[in-house]
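Q: Structure incoming, see below.
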Ligand SMILES: [Zn+2]
């Protein structure tokens, strides 16, 4: 299994990461993709990827950390990507979040546009975050037909999911589907093709059902795989096989 979205540069993983990697491996999670949220994290995730062959990473400017980004960070991102360091597999986490305080949509769209340009320039996939912004995000993606990637933490209608798939994006399926009450997302995921889905925990965020109030962990990915298998009426091996292939192809992983 591949955890296509895990913030392994945040606590509790910063404390003895090797133990958490071992626990992930024991649970069958062989690869983690770690997207960095701001310039401060870029070196941290690069160092993790150097230390652990199980980790690949992405660098980007996350909209929730907007206030800490500077316009000059785009130039820094360009320089970082130009180096093509080992283990770097995507641009992200980036995107639009109109639910935060002082959202400043104009600035968010500008920063994301610049990051999409860099993804195009370096032919890398993007890891996208979207909250209350699907329409604006989909419209922006229309201007970048060559840029593909993952819409992380998919939740919403089947129709919205299909709009991303139409633009060449995979949908990141996380803990949301383990909650019976998440009817809309569960119904959407049931009807969306497995060939366009990838698994993710978003650890330490997005707790899986039964573990509310605790930090989420990559070793809980099998619970999400099982929930997806039940929704789609297939066995878990099939879910693991197809989603692993999807993540491997998207990030061009050598596994
Ligand atoms: Zn994230």
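Residue numbers (the working numbering): -14 to 240.
Cβ coordinates follow ideal geometry from the N, Cα and C atoms, glycine included.
Because the structure is a prediction, the values reported are computed rather than measured.
Which whole-angstrom value is the C-beta distance of residue -6 and residue 51, which I expect to be below 8 Å?
A: At roughly 19 Å, the Cβ-Cβ gap does not stay under 8 Å, so residue -6 and residue 51 are not in contact.
Q: What ranges does the alpha helix (DSSP H) occupy inside the stretch 56 to 94, keeping only unbroken runs of at least 4 residues that lie completely in it?
A: Counting whole runs of 4 or more residues, the stretch 56 to 94 contains the alpha helix (DSSP H) stretches 58 to 67.
Q: Could you tell me if residue 130 is buried or exposed, where buried requires 16 or more neighbouring beta carbons within 10 angstroms of its beta carbon?
A: Its Cβ having fewer than 16 others within 10 Å, residue 130 is exposed.
Q: Report yes if the C-beta of residue 187 is less than 7 Å from at least one heavy atom of ligand 1; otherwise report no.
A: Because some heavy atom of ligand 1 lies under 7 Å away, the Cβ of residue 187 counts as near it: yes.
Q: Which same chain residues, not among the five before or five after residue 24, have their C-beta less than 7 Å away from its C-beta?
A: 58, 61, listed in sequence order.
Q: Cβ atoms of residue 121 and residue 81: under 8 Å apart, would you say?
A: Yes; because the gap between Cβ atoms is below 8 Å, this pair is in contact.
Q: Should residue 20 be listed as close to ligand 1, given that the test is whether its C-beta is under 7 Å from any heavy atom?
A: For ligand 1, at least one heavy atom lies less than 7 Å from the Cβ of residue 20.
Q: Give a single yes or no on whether residue 148 has its beta carbon closer than 7 Å to a heavy atom of ligand 1.
A: Not so, every heavy atom of ligand 1 lies at least 7 Å from the Cβ.
Q: How many angstroms separate the CA atom of residue 188 from the CA atom of residue 202?
A: Their Cα atoms are separated by approximately 5 Å.
Q: Quick one: is the Cβ of residue 25 within less than 7 Å of any heavy atom of ligand 1?
A: No, Cβ of residue 25 sits at least 7 Å from all heavy atoms of ligand 1.
Q: Mind checking whether residue 216 and residue 171 have CB atoms under 8 Å apart?
A: Against a cut-off of 8 Å, the Cβ pair of residue 171 and residue 216 comes out as a contact.
Q: Rounded to whole angstroms, what is the Cα-Cα separation between residue 8 and residue 204?
A: The alpha-carbon atoms of residue 8 and residue 204 are separated by roughly 6 Å.
Q: Residues in the same chain with beta-carbon distance under 6 Å from residue -2, minus the five sequence neighbours each way, listed in chain order, please.
A: Around residue -2: 5.
Q: Looking at the unbroken beta strand (DSSP E) that takes in residue 192, where does it start and where does it end?
A: Element bounds for residue 192: n/a, residue is neither H nor E.
Q: Which residue comes first and which comes last in the alpha helix (DSSP H) that contains residue 214?
A: 206 to 217 is the span of the alpha helix (DSSP H), which, as asked, contains residue 214.
Q: Report the start-end ranges of each alpha helix (DSSP H) in the stretch 100 to 174 that is 4 residues or longer and not cut off at the edges.
A: Whole alpha helix (DSSP H) segments, 4+ residues: 119 to 127, 143 to 151.
Q: Here's a check: name, in chain order, each residue in its chain whose Cβ is nearer than 7 Å to the Cβ of residue 26, leaving out the five neighbours to either side.
A: Excluding positions up to five away in sequence, the list reads -6.
Q: Could you check the C-alpha separation between residue 119 and residue 139 for me, to the nearest Å?
A: Roughly 11 Å separates the two Cα atoms.
Q: Pick helix, strand or coil for residue 16, following the three-state DSSP scheme.
A: Of the three classes helix, strand and coil, the one that applies to residue 16 here is strand, per DSSP.
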